Amino acid sequence: MCGIVGLLVKNPALRGQLGALMVPMLTGMTERGPDSAGLAVYTTPVAAQQRKISLYSGERAVDWSALLDALAREFGEAHEIAQHGNQAVLTTGADADRVVSWLTRTAPTVAVLSVGQSIDLYKDVGAPADIAKRYDFASLQGTHLVGHTRMATESAVTPKHAHPFTAGRDFCLVHNGSLSNPHLVRKRLEPLGIHFETDNDTEAACRFFEWRLREGDDLTQAVTRGFSELDGFFTFLMGTGNELLIVRDAFACKPAVVAESDDYVAIASEFRSLAHLPDIAHATLFEPKPEEIYSWRI
Amino acid sequence: MANLKPLPCVREFDLASDSLRQLNSYLHHRAAGDGVAEIRVRNPDGAHSIAVGLNAPLEVHIHGHVGYYVAGMNCHASVTVHGNAGPGAAENMMSGRVHVKGFASTAAGASAHGGLLVIDGDASLRCGISLKGADIVVGGSVGSFSAFMAQAGRMVICGDAEDALGDSLYEAVIYVRGKVRSLGADARFEPMTDTDRATVKGLLAAAGRAEDPAHFKRIASAKSLYHWHADANQEY
Numbered sequence: 030m031c032g033i034v035g036l037l038v039k040n041p042a043l044r045g046q047l048g049a050l051m052v053p054m055l056t057g058m059t060e061r062g063p064d065s066a067g068l069a070v071y072t073t074p075v076a077a078q079q080r081k082i083s084l085y086s087g088e089r090a091v092d093w094s095a096l097l098d099a100l101a102r103e104f105g106e107a108h109e110i111a112q113h114g115n116q117a118v119l120t121t122g123a124d125a126d127r128v129v130s131w132l133t134r135t136a137p138t139v140a141v142l143s144v145g146q147s148i149d150l151y152k153d154v155g156a157p158a159d160i161a162k163r164y165d166f167a168s169l170q171g172t173h174l175v176g177h178t179r180m181a182t183e184s185a186v187t188p189k190h191a192h193p194f195t196a197g198r199d200f201c202l203v204h205n206g207s208l209s210n211p212h213l214v215r216k217r218l219e220p221l222g223i224h225f226e227t228d229n230d231t232e233a234a235c236r237f238f239e240w241r242l243r244e245g246d247d248l249t250q251a252v253t254r255g256f257s258e259l260d261g262f263f264t265f266l267m268g269t270g271n272e273l274l275i276v277r278d279a280f281a282c283k284p285a286v287v288a289e290s291d292d293y294v295a296i297a298s299e300f301r302s303l304a305h306l307p308d309i310a311h312a313t314l315f316e317p318k319p320e321e322i323y324s325w326r327i
Numbered sequence: 283m284a285n286l287k288p289l290p291c292v293r294e295f296d297l298a299s300d301s302l303r304q305l306n307s308y309l310h311h312r313a314a315g316d317g318v319a320e321i322r323v324r325n326p327d328g329a330h331s332i333a334v335g336l337n338a339p340l341e342v343h344i345h346g347h348v349g350y351y352v353a354g355m356n357c358h359a360s361v362t363v364h365g366n367a368g369p370g371a372a373e374n375m376m377s378g379r380v381h382v383k384g385f386a387s388t389a390a391g392a393s394a395h396g397g398l399l400v401i402d403g404d405a406s407l408r409c410g411i412s413l414k415g416a417d418i419v420v421g422g423s424v425g426s427f428s429a430f431m432a433q434a435g436r437m438v439i440c441g442d443a444e445d446a447l448g449d450s451l452y453e454a455v456i457y458v459r460g461k462v463r464s465l466g467a468d469a470r471f472e473p474m475t476d477t478d479r480a481t482v483k484g485l486l487a488a489a490g491r492a493e494d495p496a497h498f499k500r501i502a503s504a505k506s507l508y509h510w511h512a513d514a515n516q517e518y
């Protein structure tokens with residue numbers, strides 16, 4: 030089991046409340062996923078030459094200001110860090126790939142959660158309500174988000190195994206279900222130079238779709254290709270810098286409900302995570318059909 | 283002296299403040315003795331297992347959307363959902379009536395032995411899977427694998443059906459008004475008889491629907507999977 034939640038606000042006036050609207054959605058999925066939770070939130074993009082890198086330090090305390098000084102010495106360009114406990118969002122004007130590889134060498138206890146212009150990523154182990162409080166999810170602002178509560182069935186309970194998974198730039202994916210051929214997918218991608226960080230089945234799907242995006246597919250084409258390449262049960266919810274997409278496998282074993290109004294599109298595994306949303310009584314409710322791709326743009 | 287009758291009594295639960303346990307405990311242990319005409323439930327907000335395991339002729343109205351297993355194992359009671367239902371609505375119903383005014387998620391009426399399940403909107407995949415004697419009337423369309431291995435009972439579909447309708451049917455019979463994307467293994471169209479038309483008419487009337495029974499087609503088992511054929515070498 031697992032819970033998924035997604036929210037895209039169509040009405041720009043609601044962008045300031047994105048996090049506040051989402052927290053009850055996420056905590057509503059606690060019974061489906063009590064062991065870890067995570068969230069990707071898409072904010073106003075940074076300047077064209079900048080990138081944001083979400084970082085996670087786990088139990089080890091990190092001297093973020095010392096890290097900032099070291100980055101300035103190494104790369105010169107202006108850097109900023111916004112810290113939330115053991116998570117931080119680094120904004121850099123330097124080449125993001127170089128910064129990530131420098132971080133891997135210089136600060137091996139710091140994990141890179143995401144890279145992009147608009148994505149901020151949080152994930153951790155524990156009850157969803159505790160994680161929401163730990164990172165002050167209620168204060169988050171932005172255009173859309175992708176969230177997940179995890180009940181692990183196939184790999185360890187660690188922050189790295191929590192969802193969302195990310196790959197490339199501004200792309201993330203959460204998954205309710207289980208894949209039966211993640212190792213075959215991985216065997217196919219690794220010779221192409223695609224690096225995996227965990228043994229989690231969802232990471233294989235995330236890296237498969239991101240590889241297809243880099244090969245020139247749009248997200249819908251990539252997902253359509255996934256129908257024949259990814260074997261297993263899934264409801265996938267994905268985010269890019271300007272899009273939210275949901276798809277269910279042919280057997281639709283894993284639930285999903287969409288509520289759409291003039292103001293927002295809200296998605297959850299179950300209606301109980303949508304019941305509190307403003308004017309929900311007048312939103313259009315439907316369940317995504319199997320192997321049909323539903324996407325919305327900001 | 284006028285024959286004064288007591289006013290019909292409505293007992294209301296608001297799940298925004300009352301717990302699900304309070305509601306279900308009342309329905310199981312107190313409602314029949316209280317002689318209430320109706321139990322009304324407000325703000326279900328997608329809660330699971332509302333009104334499961336009822337065993338008395340109660341009239342329950344739920345105003346809003348419900349989660350998994352609403353009215354599961356229902357016996358004697360009439361449960362109406364004025365909204366949508368999550369997975370497994372009326373699963374394993376034994377008797378009585380369950381009416382979902384909106385749409386129903388996967389496996390509605392799964393394994394139901396008796397009673398009538400009415401879904402005004404669409405039903406998702408696996409509606410009536412392993413049906414064991416109940417009747418199901420769907421006002422809209424049904425998803426794939428509906429009536430899979432259905433053993434007894436009748437299913438009336440006023441809209442369309444997706445793939446593998448009636449796969450491995452036993453004695454259950456399906457009536458469809460719209461298009462069938464594909465039949466499952468061993469399911470076949472059969473001619474409608476007067477008895478079939480009367481059956482459909484009766485079920486539509488029971489569900490409060492006005493479709494013309496003449497527009498329905500009958501699907502039943504070809505019975506080629508009924509017996510093990512040693513010579514078939516597992517090639518069916």
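Chains as they are written, first to last, in the working numbering: chain S, 30 to 327; chain Z, 283 to 518.
For glycine and all other residues, C-beta sits at the position ideal for the given N, C-alpha and C.
Just so it is clear, the structure is predicted and the values come from calculations on it, not from any experiment.
Problem set entry | Residues near residue 37 (chain S) by beta carbon distance below 6 Å, same chain, minus five either side | Position 8 of the first sequence, counted from the start, is the residue given in the question as residue 37 (chain S). Hits under 6 Å: 173, 273, 294 and 325.
For this session: Verify whether the separation of the beta carbon atoms of residue 360 (chain Z) and residue 379 (chain Z) is less than 8 Å.
Result: One-based indexing of the second sequence puts residue 360 (chain Z) at position 78. One-based indexing of the second sequence puts residue 379 (chain Z) at position 97. Yes, these two residues count as a Cβ contact at 8 Å.
Exercise. Are the C-beta atoms of residue 345 (chain Z) and some chain S residue less than 8 Å apart?
Worked result: Walking along the second sequence from the start, residue 345 (chain Z) turns up at place 63. Not one chain S Cβ lies under 8 Å of residue 345 (chain Z).
Exercise. Which chain Z residues are close to residue 314 (chain S), counting only those with a beta carbon under 7 Å from its beta carbon?
Worked result: By one-based count along the first sequence, residue 314 (chain S) stands at place 285. Neighbours of residue 314 (chain S) on chain Z, chain order: 366.
For this session: Might you give, ordered along the chain, the residues of its own chain that have their beta carbon closer than 7 Å to the beta carbon of residue 117 (chain S), omitting 5 neighbours on each side?
Result: Along the first sequence, read from residue 1 onward, the residue named residue 117 (chain S) stands at position 88. Correct list, in chain order: 84, 93, 110 and 111.
For this session: Take residue 125 (chain S) and list the residues in its own chain whose beta-carbon comes closer than 6 Å to its own, dropping the five residues that flank it on each side.
Result: Here residue 125 (chain S) corresponds to residue number 96 of the first sequence, with the count starting at 1. Only 80 and 144 meet the Cβ criterion.
For this session: Taking residue 366 (chain Z) and residue 314 (chain S) to be in contact with their CB atoms under 8 Å, please state how far apart those CB atoms are, rounded to whole angstroms.
Result: In the second sequence, the residue the question calls residue 366 (chain Z) occupies position 84. In the first sequence, the residue the question calls residue 314 (chain S) occupies position 285. Yes, residue 366 (chain Z) and residue 314 (chain S) are in contact; Cβ-Cβ is about 6 Å, under 8 Å.
Exercise. Could one say the Cβ of residue 158 (chain S) lies closer than 8 Å to chain Z's Cβ atoms, at least one of them?
Worked result: Against the first sequence, residue 158 (chain S) aligns to sequence position 129. No, residue 158 (chain S) does not count as interfacial toward chain Z.
For this session: Please confirm if residue 410 (chain Z) has its CB atom under 8 Å from at least one CB of chain S.
Result: As a working mapping, residue 410 (chain Z) is identified with position 128 in the second sequence. Cβ-Cβ to chain S under 8 Å: no for residue 410 (chain Z).
Exercise. Residues of chain S with CB under 7 Å from residue 388 (chain Z), in chain order?
Worked result: Your numbering for residue 388 (chain Z) matches position 106 in the second sequence. The contacting residues are 281.
For this session: Can you give me the Cβ contacts of residue 353 (chain Z) inside the same chain, cut-off strictly under 6 Å, excluding the 5 residues immediately before and after it?
Result: The residue given as residue 353 (chain Z) occupies position 71 in the second sequence. So the qualifying residues of the chain are 333, 361, 372 and 380.
For this session: Kindly indicate which three-state DSSP category residue 112 (chain S) falls into: helix, strand or coil?
Result: Along the first sequence, read from residue 1 onward, the residue named residue 112 (chain S) stands at position 83. Residue 112 (chain S) falls in the strand class under three-state DSSP.
Exercise. Quick one: is residue 329 (chain Z) near chain S, going by C-beta distance under 8 Å?
Worked result: In the second sequence, counting from the first residue as 1, residue 329 (chain Z) sits at position 47. Yes, because at least one Cβ of chain S sits closer than 8 Å to the Cβ of residue 329 (chain Z).
Exercise. Given residue 107 (chain S), which residues of its chain have a CB within under 7 Å of its CB, disregarding the five upstream and five downstream residues?
Worked result: On the first sequence, residue 107 (chain S) is found 78 positions in, with the first residue counted as 1. Excluding sequence neighbours, residue 107 (chain S) sits near 122.
For this session: Say yes only if the C-beta of residue 333 (chain Z) is nearer than 7 Å to one or more non-hydrogen atoms of the ligand PLP, and no if none qualify.
Result: No copy of the ligand PLP appears in this structure; indeed no ligand is present at all.
Exercise. Within the chosen definition, does the segment 283 to 290 of chain S reach the segment 301 to 313 of chain S through at least 3 CB pairs nearer than 8 Å?
Worked result: yes
Exercise. For the segment 428 to 441 of chain Z, which residues have a beta carbon sitting closer than 7 Å to at least one beta carbon of chain S?
Worked result: For the segment 428 to 441 of chain Z, which is checked against every Cβ of chain S, not one residue is closer than 7 Å.
Problem set entry | CA-to-CA distance, residue 356 (chain Z) to residue 344 (chain Z), given in whole angstroms | Within the second sequence, numbered from 1, the residue matching residue 344 (chain Z) stands at position 62. Within the second sequence, numbered from 1, the residue matching residue 356 (chain Z) stands at position 74. Between residue 344 (chain Z) and residue 356 (chain Z), the C-alpha separation is close to 15 Å.
Problem set entry | Delimiting residues of the beta strand (DSSP E) encompassing residue 352 (chain Z) | Taking the second sequence and counting its residues from 1, the one referred to as residue 352 (chain Z) is at position 70. No beta strand (DSSP E) contains residue 352 (chain Z), which DSSP labels as neither H nor E.
Exercise. How many angstroms separate the CA atom of residue 135 (chain S) from the CA atom of residue 114 (chain S)?
Worked result: If you number the first sequence from 1, residue 135 (chain S) lands on position 106. If you number the first sequence from 1, residue 114 (chain S) lands on position 85. Cα to Cα, residue 135 (chain S) sits roughly 20 Å from residue 114 (chain S).
For this session: Pull up the DSSP beta-bridge partners for residue 267 (chain S), would you.
Result: Counting from one through the first sequence, the residue named residue 267 (chain S) turns up at place 238. According to DSSP, residue 267 (chain S) bridges with S:202 and S:274.
Exercise. Between which two residues does the beta strand (DSSP E) harbouring residue 379 (chain Z) extend?
Worked result: Within the second sequence, the letter at position 97 stands for residue 379 (chain Z). Taken as a continuous stretch (DSSP letters only), the beta strand (DSSP E) holding residue 379 (chain Z) covers 379 to 382.
Exercise. How about residue 432 (chain Z) and residue 452 (chain Z): are their beta carbons less than 8 Å apart?
Worked result: Mapped onto the second sequence, residue 432 (chain Z) falls at position 150. Mapped onto the second sequence, residue 452 (chain Z) falls at position 170. Against a cut-off of 8 Å, the Cβ pair of residue 452 (chain Z) and residue 432 (chain Z) comes out as a contact.
For this session: Give a yes or no on whether 8 Å exceeds the smallest Cβ distance from residue 349 (chain Z) to chain S.
Result: Looking up residue 349 (chain Z) in the second sequence gives position 67. Yes, because at least one Cβ of chain S sits closer than 8 Å to the Cβ of residue 349 (chain Z).
Exercise. By how many angstroms is the C-alpha of residue 187 (chain S) removed from the C-alpha of residue 169 (chain S)?
Worked result: Counted from its first residue, the first sequence places residue 169 (chain S) at position 140. Counted from its first residue, the first sequence places residue 187 (chain S) at position 158. In this structure, the CA atom of residue 169 (chain S) is about 24 Å from the CA atom of residue 187 (chain S).
Exercise. Should residue 31 (chain S) go down as buried or exposed, given a rule of 16 or more other Cβ atoms within 10 Å for buried?
Worked result: As a position in the first sequence, residue 31 (chain S) is number 2, starting the count at 1. Under a 10 Å Cβ-count criterion, residue 31 (chain S) is classified as buried, with 16 or more other Cβ atoms of the shown protein chains found around its own Cβ.
Problem set entry | Cβ-Cβ distance between residue 300 (chain S) and residue 347 (chain Z) below 8 Å | Along the first sequence, one-based indexing puts residue 300 (chain S) at 271. Along the second sequence, one-based indexing puts residue 347 (chain Z) at 65. Contact flag set, yes.
For this session: Report yes or no: do three or more beta-carbon pairs, one from the segment 316 to 324 of chain S and one from the segment 299 to 307 of chain Z, lie closer than 8 Å?
Result: no
Exercise. Do the CB positions of residue 397 (chain Z) and residue 420 (chain Z) come within less than 8 Å of each other?
Worked result: One-based indexing of the second sequence puts residue 397 (chain Z) at position 115. One-based indexing of the second sequence puts residue 420 (chain Z) at position 138. No. Outside cutoff.
Exercise. Taking Cβ-Cβ distances shorter than 7 Å, what residues in chain Z pair up with residue 304 (chain S)?
Worked result: As a working mapping, residue 304 (chain S) is identified with position 275 in the first sequence. Proximity of chain Z to residue 304 (chain S) at the Cβ level (cut-off 7 Å) is accounted for by 327 and 328, in chain order.
For this session: Could you tell me which residues DSSP puts in a beta bridge with residue 80 (chain S)?
Result: Working through the first sequence from its first residue, we reach residue 80 (chain S) at position 51. The bridge partners DSSP lists for residue 80 (chain S) are S:121.
Exercise. Considering only residues of the same chain and omitting the five flanking positions on each side of residue 445 (chain Z), which have a CB-CB separation below 6 Å?
Worked result: Here residue 445 (chain Z) is taken as the residue at index 163 of the second sequence, counted from 1. These residues qualify, in order along the chain: 426, 463 and 464.
For this session: Report the option in S:146, S:250, S:262 and S:230 whose CA atom is closest to the CA atom of residue 119 (chain S).
Result: Translated into positions along the first sequence, residue 119 (chain S) becomes position 90. Nearest C-alpha to residue 119 (chain S): S:146.
For this session: Please name the residue or residues paired with residue 325 (chain S) in a DSSP beta bridge.
Result: If you number the first sequence from 1, residue 325 (chain S) lands on position 296. DSSP lists S:273 as partners of residue 325 (chain S).
Exercise. In chain order, what residues of the segment 391 to 409 of chain Z put their CB closer than 7 Å to some CB of chain S?
Worked result: 406 and 407
Problem set entry | Cutoff 8 Å: residue 355 (chain S) Cβ touching any chain Z Cβ | Since the first residue shown for chain S is 30 and the last is 327, residue 355 (chain S) is missing from the structure and cannot be characterised.
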